[in-house]
Structure formats: C-alpha cells, structure tokens
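Undergrad: Have a look at this one before I ask anything.
There are 2 protein chains.
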Amino acid sequence: MIDLGEDVTDRSTEPSVRLELANRLFFRLYQCANMLHKTGSRAVEAEGLTTQQWAILGALSRQEVQRGMSIGDLAKYLMVSRQNLAGLIGRMERDGHVSIVTDSRDRRSRIVTMTKSGRRVWHIQAQPKIRAYYEEVLADFSINDVTHTLHYLLKILGAMQRLDRGPD
Amino acid sequence: MIDLGEDVTDRSTEPSVRLELANRLFFRLYQCANMLHKTGSRAVEAEGLTTQQWAILGALSRQEVQRGMSIGDLAKYLMVSRQNLAGLIGRMERDGHVSIVTDSRDRRSRIVTMTKSGRRVWHIQAQPKIRAYYEEVLADFSINDVTHTLHYLLKILGAMQRLDRGPD
DNA sequence: CGATATATGACAATATATTGTCCTATTAAG
DNA sequence: CTTAATAGGACAATATATTGTCATATATCG
C-alpha cells in the first residue's frame, strides 16, 4: 500500500489516548475531592465547621427554604445517605447551629432549620472566610473558566447519578 | 445623563455573579467527590476494591515505579496523610493485593509493591470495569471536553495545594 | 378500615480521612 | 562520633461516608 502522506503518528483519536486522559481526569478528581475536604474544612475551622457542615448551612440558608428542609429532602439535595446526614445534623445540633422539629403537616417528617446562632456564624463569620477561599482557589479563573468548569462538573455529576440509580 | 444604549441589566461582571458561580462550582465539586467514591467503589466492588484502593493500584501499576513506591512517596503522590495511607495499605496487604518490604538501600523506608495476585486483579478483572466506568461517566464528553475538564481540575488542585502548604 | 408506602430513628460493620503525639530505627550532616 | 533530620509504626480522637437491618410512627390508597 502506498503512503499517501497521512500522519500515522497522530494517535489523538485512538481509544488509548481517551483512556489515558480519563485515567488522569479521575485521578485528579480523586485528589480534588480530598483537597476540597482538607482545605475547605481548614478555611472554616475557626467557626467549628467542616466542608460538609458548610454545605449543609449553604443549603439551609437559601431563600427558597426559609422554613427549613426535611431530613430526606436535605439528603437528596446534598446527595448523601440519610444515615450520614443524621450524624452530621446531630453534631450540628450539638454545636447549636441547627435545630430539628417535627413537621406539623406531616408528623413523620422532621424539619431542620438554622438557629439564630447558626445564622450568625454562617453569615457573619463563615461567609467572609468562604469568599476568601473561593478567591484563592479560583484566583486565575475568568468568569468564563468558572462557567465552563461548572458545566463539566454538572455533566459528570449527571452521569454519575444515572449510574448510581441503576443501569437498568 | 443620556442612556447611550449600554445594557445596564448586564451584571455578568459584578462580584456577586462570580460569588454565585463559585458557590455552585464548589457545591457541585462536593457532590462529585461523594459520587465518585460511591459509584467508583461500586464499579470495582466485585474485585473487593474501593475507589481509594483503585487509586493506589493505579499508582503502583505505572511503568515508572515497577520496583514499588515508599509509603512516603505514595502518600505524597496521592495527596493523603501517611496515617490514612497506612490503613489503606494494611487492608490491601490483608487482602493480598500488595506487599510491603524494607528498602535495602534505606532501611528506614518501606516499599509497597503489587503482589502477583494484585496485578492479576488489577489488570484482568478491574481494568475492564474501570474502562466501562469511564465510558459511562464520560459518555458525551469529546476528547476536547476531557482535556478541558482535566485542565480545570489541575488548576483547582494547584491552587488548593498552595493553600494547603501555607499562605505565607 | 386495613394494607401499604413513607419518613425517620437506632444500631452495626466497615472504610476513608484528618490532626496530633510519642517512639524507634536509620541516615545524613557537622 | 554526636547531633539532626527523616521514615515510619503505633495509637488516639474525631468526622465523614457507605450499606444493611429492624423498628415505629404516620400517611395514603383502595
């Protein structure tokens, strides 16, 4: 066969390149996961919070859920197990950040709300630390970069959720 | 003042937009972290592995480290604490995936290598599952998408490492 | 009303993950 | 050779995280 001048060394469309890239992507995602928990918790440790508790306060502080969220809804929203969330909420109740009351409309359900103290810690103390953390980590990200990263994370998350719910 | 036609409703360059985007980005990263551990571990659970053990076998199976890696180097490579790694390695030794021997050149150092059984599990059993996992999660990612995502993860990781090592 | 579904608590086992401390062996630097 | 630094073991406390099971109260459906 005659070589018509194709660049036979270009393997960018080969499956092995894709595999290698995927390998690196998931390895870095794994490292990011650990570093997020480590540096995030350190950013709010003076407030007695962790990255996970920060996520919960972030969820509860939204305008849409001013009356609080049920354990089940919160678990679904955060994508964690009910049992994991129970531990988290227990520690946060112990620390006075949240309170849990029975839902008057559905007495099976228990509603988690931020306490006055929790709101103060969140808005006054933690928010400035969190903004500083964002700016440090995303220092050389343009608005466009942030948007693109968010888009890719959402795509990955969607695929993982589909995988989680079952390949049936 | 005369309105010269500027779109005064465009707040895309306002700090609040950037803050809101950063909030979403880190929230999704937090969810991705949990879902990676959950779906990743499920992908290799038939092999008795977890996402973390997969990362270790991935590190040890590289051509560059055929003679194994020390505990310290492995911890640095994976960005986890020595104590965390010790537990992981202990469980993997218990399961026969790795073995640990004293380094003859530096008798303080202990070298972790994959056992024959570990290599078989990794290459024959786990690899196909992992490739399938990659393809499911990155199904609608082009090579370009994967490259960009990897690039953003590396930038985030770099910033987090700088933050971790100290703001001095 | 009676069967069933749902929301949650309570408990257990297991694996990750951090920080911190104390100890010991070994190596490297002076 | 003495002192320093380094590598790691061993242990503890704490917080996340999963799965699985059993029990109970409450809703909802037929």
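Taken in sequence, the protein lines are chains P and G.
Numbering follows the working numbering, with no gaps: position 98 of the first sequence is 107.
Numbering follows the working numbering, with no gaps: position 144 of the second sequence is 153.
Don't be surprised by glycine CBs; every beta carbon is placed ideally from N, CA and C.
From the DSSP output, which residues share a beta bridge with I109 of chain P?
TA: Partner(s): P:V121.
Undergrad: For L58 of chain G and H132 of chain P, what's the separation of their Cα atoms in angstroms?
TA: Approximately 41 angstroms between the Cα atoms of the pair.
Undergrad: Does the region 34–50 of chain P come within contact of the region 163–175 of chain G, defined as at least 3 CB pairs closer than 8 angstroms?
TA: Enough Cβ pairs lie closer than 8 angstroms, so yes.
Undergrad: Going along chain G, which residues have a C-beta under 9 angstroms from R119 of chain P?
TA: Ordered by position in chain G, no residue passes the 9 angstroms Cβ test against R119 of chain P, which lies about 22 angstroms from the chain.
Undergrad: Starting from E73 of chain P, find everything on chain G with Cβ-Cβ shorter than 8 angstroms and list it in chain order.
TA: Here the premise fails: no neighbours, minimum Cβ distance about 14 angstroms.
Undergrad: Counting pairs of beta carbons, one from the region 133–140 of chain P and one from the region 49–66 of chain P, are three or more of them closer than 8 angstroms?
TA: As far as the Cβ criterion goes, the region 133–140 of chain P touches the region 49–66 of chain P, which means the pair count is three or higher.
Undergrad: How would you label R114 of chain P, buried or exposed, when you count the other beta carbons within 10 angstroms and need 16 or more for buried?
TA: Label assigned to R114 of chain P: exposed.
Undergrad: Which chain P residues sit within Cβ distance under 7 angstroms of D173 of chain G?
TA: Ordered by position in chain P, the residues that pass the 7 angstroms Cβ test against D173 of chain G are M44, K47, T48.
Undergrad: Establish whether the CB of I165 of chain P and some CB of chain G are separated by less than 9 angstroms.
TA: Taking Cβ atoms only, chain G reaches closer than 9 angstroms to I165 of chain P, which makes this a yes.
Undergrad: What number of angstroms, rounded off, separates the C-alpha of R117 of chain G from the C-alpha of L162 of chain P?
TA: Distance between the alpha carbons of R117 of chain G and L162 of chain P is about 42 angstroms.
Undergrad: Locate the alpha helix (DSSP H) running through G167 of chain P, then write down its first and last residues.
TA: Segment 152–174, the alpha helix (DSSP H) holding G167 of chain P.
Undergrad: For the candidate residues P:Y142, P:R119, P:E102, P:R171, whose alpha-carbon lies nearest to that of K125 of chain P?
TA: The shortest Cα separation from K125 of chain P among P:Y142, P:R119, P:E102, P:R171 belongs to P:E102.
Undergrad: Does the beta carbon of V130 of chain P sit closer than 9 angstroms to a beta carbon anywhere in chain G?
TA: No, because no Cβ of chain G sits closer than 9 angstroms to the Cβ of V130 of chain P.
Undergrad: May I ask which residues mark the beginning and end of the alpha helix (DSSP H) holding W9 of chain P?
TA: This structure cannot settle anything about residue 9 of chain P, because the visible part of chain P is limited to 10 through 177.
Undergrad: Is the separation between the beta-carbon of E144 of chain G and that of R171 of chain P shorter than 9 angstroms?
TA: In this structure, R171 of chain P does not lie closer than 9 angstroms to E144 of chain G by Cβ.
Undergrad: What residues are listed by DSSP as bridge partners for S90 of chain P?
TA: None, per the DSSP bridge assignment.
Undergrad: Whole-angstrom Cβ separation of L30 of chain P and V155 of chain G, contact assumed at under 8 angstroms?
TA: About 5 angstroms separates the two Cβ atoms, so the contact holds.
Undergrad: Under 8 angstroms Cβ-Cβ, which residues of chain G neighbour H106 of chain P?
TA: Ordered by position in chain G, no residue passes the 8 angstroms Cβ test against H106 of chain P, which lies about 18 angstroms from the chain.
Undergrad: Let me know if E56 of chain P comes out buried or exposed under the rule of 16 or more other beta-carbons within 10 Å of its beta-carbon.
TA: So E56 of chain P counts as buried.
Undergrad: On a Cα-Cα basis, can you pick out the residue from P:L28, P:R27, P:T48 that is closest to G175 of chain G?
TA: Ranking the options by Cα distance to G175 of chain G, first place goes to P:T48.
Undergrad: In angstroms with no decimal places, state the Cα-to-Cα distance between D112 of chain G and G96 of chain G.
TA: Between D112 of chain G and G96 of chain G, the C-alpha separation is close to 20 angstroms.
Undergrad: Does chain P have any CB closer than 9 angstroms to the CB of V110 of chain G?
TA: No, because no Cβ of chain P sits closer than 9 angstroms to the Cβ of V110 of chain G.
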